[in-house]
Structures are given as C-alpha cells and as structure tokens.
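Quick note: to get the numbering used here, add 11 to the position in the sequence shown (first position is 1). Cβ coordinates follow ideal geometry from the N, Cα and C atoms, glycine included. Bear in mind the structure is a predicted one, so any value in this text is a computation, not a measurement. One structure below.
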Amino acid sequence: MFFINKFVLFIIYRIINVMYNLKQVIDIKKKYLVAYSGGLDSTVLLHKLFLLRESGSVRFIRAVHVNHGININAYDWEYHCVQQCKNWNIPLVLLNIFLNGKDNLEAELRYKRYNIMCKVLIKNEILLTAHHLDDQCESVLLALKRGSGLSGLSAIRDKMYFNNYHLVLRPFLAITRKELKFWAEFYNLTWVEDFSNNDIRYDRNFLRHKVIPIILKRWPFFSRSCFISAKHCKNEKYLLNYFIDIELKKYLFHDGSLNISSFFHMDFKLCHAILKRWIEYHNIKFFSRSFLNKLYDEVIMSSLDANPRLKIFQYEVRRYRNSIYLIKIHPSLENLILLWNRPWNIYYLPYSSGILLVDSKGFSLRKPNHNERVNIRFKVFGEYYIFGRKHKRKIKKLWQEFNIPPWMRNRIPLIFYNNIFISALGVFVTIDGYCNVNCWKISMRLNK
C-alpha cells in the first residue's frame with residue numbers, strides 16, 4: 012500500500028490553497044509586472060503567472076530584473092533570467108542600480124529597487140513581489156529588535172502603494188519558502204542561489220539560519236503566528252490612524268501647515284501621534300522616534316520668538332508663530348538678480364522654484380517705461396511706501412504685517428524696474444508700482 016507523509020499532504024494542501032488565492036487576486040483585465048530576481052521565490056511566482064496566462068486567467072504579464080552589480084554572479088543571474096523569460100515567452104525589462112555606500116545597504120537597496128521598478132510600470136500595471144511567510148517572520152523579529160511600534164510590527168504588507176501611487180501586491184505572504192520549493196521541484200524549475208544570504212553577519216541572515224530554526228523546533232507554527240500578529244498590528248494601526256486623522260484635521264491648514272497653539276496643553280502621547288501623522292501626511296514614511304522627540308522638544312516647545320528648524324531628509328520643519336511647516340530645502344536665491352527681457356513670456360525661476368507669467372489673474376502693476384528693464388530679485392533693504400498704507404515701513408516690518416514666514420522672505424520674487432522696487436509679487440505693491448489704468452498683471456506659481 013502507498014502511504015503519503017502527512018506533512019507532504021499538508022504542504023500540497025497549502026500550495027493548492029495559496030495558489031487558488033493567488034488566482035483570486037489576479038484580475039484578467041489587469042496588467043502585471045513580476046519582480047524577478049531569478050531566485051526560488053520569484054521563479055515560482057513568475058511560473059504561476061505563466062500558467063495563469065496559458066490557462067487564460069491573465070492576459071498581460073511582464074518581468075523586471077534589477078542588477079545591483081554588487082555580487083560577482085550578478086550578470087550570470089541576469090543571463091539566467093533572460094533565458095528563462097525567453098523559454099516562457101515573457102517580456103523582460105533589465106535595470107541597473109548603483110549604490111552610494113553611505114546609507115544602510117539593505118534599506119538603500121530596497122528603496123532604489125522599488126523606485127526604479129515602479130518607473131517602468133505602464134498605465135494600470137501592478138507590481139508583484141514574491142515575499143513569503145519566512146520573510147514576514149524575519150521582519151517581525153527585526154522590528155522587535157529595533158523596538159518598533161505598530162507600524163514596524165505590521166512588517167511586510169500584502170498590499171501597498173509605493174510613493175502613494177504605484178500598487179504593489181505580495182500574494183505569497185501566507186506561504187513558506189519550503190512550500191514554494193516543493194512547487195518548484197514538482198515542476199522541475201531552475202533558479203539561482205545567492206550565497207550571500209548565508210552570511211550571518213547580516214541580521215536577517217542570522218535570524219534565518221541561527222535563531223528561527225531553533226524556535227520552529229519548539230513551536231512549528233511560530234512563523235504563522237508572526238504573520239497573524241503582524242496582521243493584527245496592521246489592523247490596529249489602521250484604526251489608530253483613522254481616529255488620529257480626525258484630530259489632525261482640527262489643526263491642519265489648507266497649505267499643509269499645522270496649528271500648534273493647543274499643543275502646549277495637550278496630552279504628550281496625543282501630541283506625538285498627531286505630529287507623526289502630520290509628517291506622514293507629507294509623504295515622509297521613514298523617521299525615528301528620536302526625530303519626533305526632537306520635533307516636540309526643539310520646535311513645538313521653543314519660545315514664540317524663536318526661529319527653530321529641524322532637518323529631515325531634503326526637508327526642514329520650521330516654526331512661525333503658532334504654526335509649523337514642512338518645507339523643501341532650496342538653494343539660496345537672495346544674491347540673484349535676474350533679467351526678464353521679454354515679460355510677456357513665461358519666466359522659469361532658478362532651481363525649479365516656480366514660474367512667473369503675465370495673465371489676467373495676476374497682480375496689477377504699472378507697465379514699465381521704454382527705458383526701464385524688468386528684473387527680479389529676492390532680497391531688498393530699506394523703507395518703502397506701499398499702496399494702501401500712509402506711512403513708510405521697513406521691509407522686515409512689512410513681512411511681519413503680511414504674515415510671511417522668515418524662510419519665504421528670500422523666495423518671493425521682487426519685481427524691479429531698473430533699480431526701482433515695484434512689488435513683492437502676491438504680497439504688496441509699492442507706490443512706484445501702483446496702477447489704475449493701462450496695467451499689466453503678473454502671476455506667480457511657486458513650488459513648495
């Protein structure tokens with residue numbers, strides 16, 4: 012009599028179940044791009060998509076291979092992927108990325124890999140990756156090691172939008188690597204092995220080879236429990252964000268700045284939660300708890316007349332009066348004098364700061380005389396009469412009266428005719444620039 016090992020039967024059941032679930036995820040009307048490294052996991056994913064295409068369950072699939080160039084076998088793996096895709100008649104996109112070596116290698120690789128893959132997505136195409144249950148277990152343990160909260164303990168998401176736009180699905184997140192290998196061997200698939208995955212100097216590899224096997228001997232379903240816990244954390248995080256977003260809207264201005272006047276008397280934990288969601292509202296996802304502590308201590312709790320700033324990536328958090336702003340760091344414009352020789356044409360400000368143009372919705376100014384040359388500056392000194400005010404005002408006083416934050420004062424285009432100050436566009440017009448007949452109108456659109 013022929014006996015089948017119960018564990019083998021269980022694996023067959025799990026594979027059939029997960030592959031059935033994959034078929035439910037796949038929509039025949041959608042287009043799919045498979046992240047294909049040539050390794051076991053992505054080979055099984057691409058093969059399953061190939062079978063679904065052959066059965067008519069999906070029509071459009073492509074693969075993308077990213078060559079990191081850091082392994083001596085990188086081009087052999089690339090060649091393997093090319094040959095495999097030829098055998099299955101699947102279009103393959105080949106990409107290369109280069110590392111600067113300054114940041115965390117794994118984090119830098121991950122971001123650059125997703126960034127470059129998402130750039131080749133065509134309209135309505137979905138990126139598929141082959142992350143599995145073992146990856147999820149490792150990610151949960153790494154999050155625990157870092158002391159992460161709900162976000163970190165949610166670990167790898169089965170569905171995400173990279174840069175809030177590109178849909179990424181991970182249909183294998185509930186299946187183990189052992190189960191994927193069973194599938195690959197059943198179909199006689201070939202794949203490449205990255206032997207750097209055996210280097211236990213890296214935390215993930217150490218967990219994979221030294222820690223998790225011991226845990227699984229004691230608790231065989233530990234990986235699945237990690238998967239369930241991560242799912243609970245994800246759900247709790249969703250609910251928490253739902254209620255924090257309600258609070259955030261109470262203090263959020265239309266320009267994205269945050270009113271902090273109530274924060275001085277607010278519960279510390281609630282304040283932190285609102286600040287965290289405010290940063291995430293501006294599409295910055297990766298920041299530490301220590302950054303939030305600095306934001307609270309050095310910016311929120313600073314004196315009202317202070318001008319604090321806190322850098323995060325290519326942005327700064329700045330405070331002005333009772334509001335905080337997240338602004339992109341731009342090169343200084345204050346020493347520039349720019350000639351606008353043909354004011355009827357669009358003028359592109361330097362460093363992608365914005366544009367100036369003449370249109371019917373702009374700021375009304377007198378037209379320049381034939382001997383006056385229009386020039387644009389970003390710094391001005393002295394006292395001026397402005398339209399609508401009786402007395403001269405120092406320029407610093409004017410900025411304060413018009414509620415212009417300090418970092419914007421050297422970014423607002425100042426219109427001069429020769430050396431005559433005409434207008435701070437969008438803010439005020441001087442007496443020398445005032446017009447009631449034969450006017451022209453200048454609009455500006457500044458980039459944040």
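The alpha-carbon of residue 458 is positioned some 20 Å away from that of residue 175. Shown here, residue 419 sits in a helix according to DSSP, grouped into three states. For residue 90, the uninterrupted alpha helix (DSSP H) segment begins and ends at 85-99. A direct Cα-to-Cα measurement between residue 180 and residue 341 gives close to 35 Å. For the pair residue 318 and residue 417, the CB atoms are nearer than the 8 Å cut-off. At a Cβ-Cβ threshold of 8 Å, residue 386 and residue 427 count as neighbours.
The alpha-carbon separation between residue 374 and residue 244 amounts to approximately 52 Å. If one requires a minimum length of 4 residues, the alpha helix (DSSP H) runs lying completely within the stretch 164-212 are 188-197, in chain order. Here residue 106 is not near residue 46, since their CB atoms are 8 Å or more apart. The secondary-structure analysis by DSSP pairs residue 393 with nothing; it has no beta-bridge partner. In the three-state scheme derived from DSSP, where H, G and I count as helix and E and B as strand, residue 128 is classed as helix. By the neighbour-count criterion, in which a residue is buried when 16 or more other Cβ atoms sit within 10 angstroms of its Cβ, residue 133 is exposed.
The way I'd put it, the stretch 218-229 doesn't touch the stretch 71-86; fewer than three beta-carbon pairs between them come closer than 8 Å. The criterion of a C-beta distance shorter than 8 Å is not satisfied by residue 451 and residue 349. Considering only 62, 92, 309, the residue with the shortest C-alpha distance to residue 76 is 92. Taking the CA atoms as reference points, residue 449 sits about 20 Å from residue 351.
Approximately 7 Å separates the beta-carbon atoms of residue 313 and residue 330; this is inside 8 Å, confirming the contact. Less than 8 Å separates the beta-carbon of residue 145 from that of residue 234. Put simply, of 362, 345, 216 the residue whose alpha carbon is nearest the alpha carbon of residue 149 is 216.
Within its own chain, the residues whose Cβ lies closer than 7 Å to the Cβ of residue 41, once the five positions on either side in sequence are excluded, are 135, 137, listed in chain order.
Here residue 140 is buried: its Cβ has 16 or more other Cβ atoms, across all protein chains shown, within 10 Å. Bounds of the alpha helix (DSSP H) holding residue 146 are 144-157. In the DSSP assignment, residue 74 falls within the unbroken beta strand (DSSP E) covering 71-78. For the stretch 291-361, the full-length beta strand (DSSP E) segments reaching 3 residues or more read 320-323, 326-331, 334-339, 348-350 along the chain.
Proximity of the stretch 261-278 to the stretch 181-188 falls short of the contact definition, fewer than three beta-carbon pairs being nearer than 8 Å. Residue 421 is positioned such that its CB atom lies closer than 8 Å to that of residue 344.
Judged by their CB atoms, residue 321 and residue 305 are nearer to each other than the 8 Å cut-off. Around the CB of residue 332, fewer than 16 other CB atoms lie within 10 Å, so the residue is classed as exposed.
Looking at the backbone, the Cα of residue 398 and that of residue 284 are separated by about 45 Å. Straight across, the Cα-Cα distance linking residue 192 with residue 158 is about 33 Å. Between residue 267 and residue 337, the C-beta spacing is below 8 Å. In this structure residue 190 is buried. Its beta-carbon is surrounded by 16 or more other beta-carbon atoms within 10 angstroms. DSSP places residue 403 outside both helix and strand once states are collapsed to three, so it counts as coil. Going by beta carbons, residue 453 and residue 435 fall outside the 8 Å limit. In this structure, the straight-line span from the alpha carbon of residue 433 to that of residue 265 is close to 29 Å. Annotation: residue 248 to residue 162 spans about 7 Å, alpha carbon to alpha carbon.
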